[in-house]
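Report on the structure given below.
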């Protein structure tokens, strides 16, 4: 993919559904500058999974919220921590991205700029 069309921030919110998080992450088929996963609630399997990804050189920010901040609160966490980004793509763990969808979204966002 063209470097100018890289997604600046992709944020995923998860709540004790490691299996769905894995499916979501596997559907990401486009370069991302920063991947942020907000884990709502304590859940050892999800924490261990994310630590394993980080140990295998996968660049991601893992934010663990002990209490469930909810979807909107978690999206806010992603955006607030990455205010410098021109735009963000945020989703919940049950989302799987169709092949090429993120590339089309990135190209459209870069083309239209802040009008998106």
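In this note's numbering, the protein residues as written are 424 to 539.
Where is the CB? At the ideal position from N, CA and C, for every residue including glycine.
- Taking all protein chains shown into account, residue 434 has 16 or more neighbouring C-beta atoms within 10 Å of its C-beta and is therefore buried.
- Put simply, the region 471-488 does not touch the region 522-539. Fewer than three CB pairs are less than 8 Å apart.
- Where residue 514 is concerned, the enclosing beta strand (DSSP E) starts and stops at 512-515.
- Each residue's CA atom was taken as its position, placing residue 496 and residue 456 some 22 Å apart.
- Within the same chain, 463 and 500 come within 7 Å of residue 492 by CB-CB distance, once the 5 residues on both sides are set aside.
- Distance from the CA of residue 522 to the CA of residue 448, rounded to the nearest whole angstrom, comes to 12 Å.
- Here the alpha carbons of residue 461 and residue 534 stand approximately 29 Å from one another.
- Residue range 455-463 is occupied by the beta strand (DSSP E) that includes residue 462.
- By the 16-neighbour rule on beta-carbons within 10 angstroms, residue 516 is buried.
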